[in-house]
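In my numbering, the protein residues as written are 249 to 391.
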């Protein structure tokens with residue numbers, strides 16, 4: 249299991265770094281390449297990362313079990329729950345925008361500023377949450 253965690257952790261960190269870097273520099277590449285084609289590929293990698301992140305974050309959250317109301321909230325418990333629910337939230341927002349993008353096409357998004365703002369939120373939050381999850385999996389596999 250440690251080998252799988254290390255491999256998944258590395259994948260999540262790589263996707264996080266690539267998405268963050270491309271999100272920052274894509275505006276400079278608009279004239280040189282078709283950035284939407286790159287985003288098409290990254291969207292699939294992001295979807296895989298979110299699915300894997302949800303599975304591993306849920307397993308991490310489930311490892312803490314239930315908590316009695318009289319017990320204090322520990323740092324590990326809080327981290328596990330926050331990472332799972334933030335990953336779930338980013339996945340929901342991502343899927344909503346991605347499905348709308350697939351159905352209506354990129355032409356309809358030109359004047360749809362809301363869609364571009366949602367993509368900006370996804371492209372900001374996804375690298376953070378996948379990076380955190382990937383680093384945690386890498387650390388856990390090294391123990």
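Ideal Cβ positions, reconstructed from N, Cα and C, are used throughout, including at glycine. The structure displayed is predicted, hence computed values, not measured ones.
Listed in chain order, the alpha helix (DSSP H) elements of length 4 or more contained wholly in the region 254-312 are 283-310. For the pair residue 345 and residue 283, the Cα-to-Cα distance works out to about 17 Å. Taken atom to atom, the span from the alpha-carbon of residue 298 to that of residue 318 is near 33 Å.
If you draw a straight line from the Cα of residue 376 to the Cα of residue 316, it is about 30 Å long.
Using a Cβ-Cβ distance cut-off of 8 Å, the region 371-387 and the region 330-347 are in contact, since at least three pairs of beta carbons, one from each stretch, lie closer than that value.
Residue 272 and residue 312 have their C-alpha atoms roughly 36 Å apart. In the three-state DSSP reduction, residue 363 falls in the helix class (H, G or I). A check of alpha carbon separations from residue 381 across 364, 365, 328 and 281 identifies 328 as the nearest.
In its chain, beyond the 5 residues on either side, 338 have a beta carbon closer than 6 Å to the beta carbon of residue 373.
Under the criterion of beta carbons closer than 8 Å, residue 343 and residue 257 do not qualify as touching, at roughly 23 Å.
Listed in chain order, the non-local C-beta contacts of residue 369 below 8 Å within the same chain comprise 341, local neighbours out to five positions each way being set aside.
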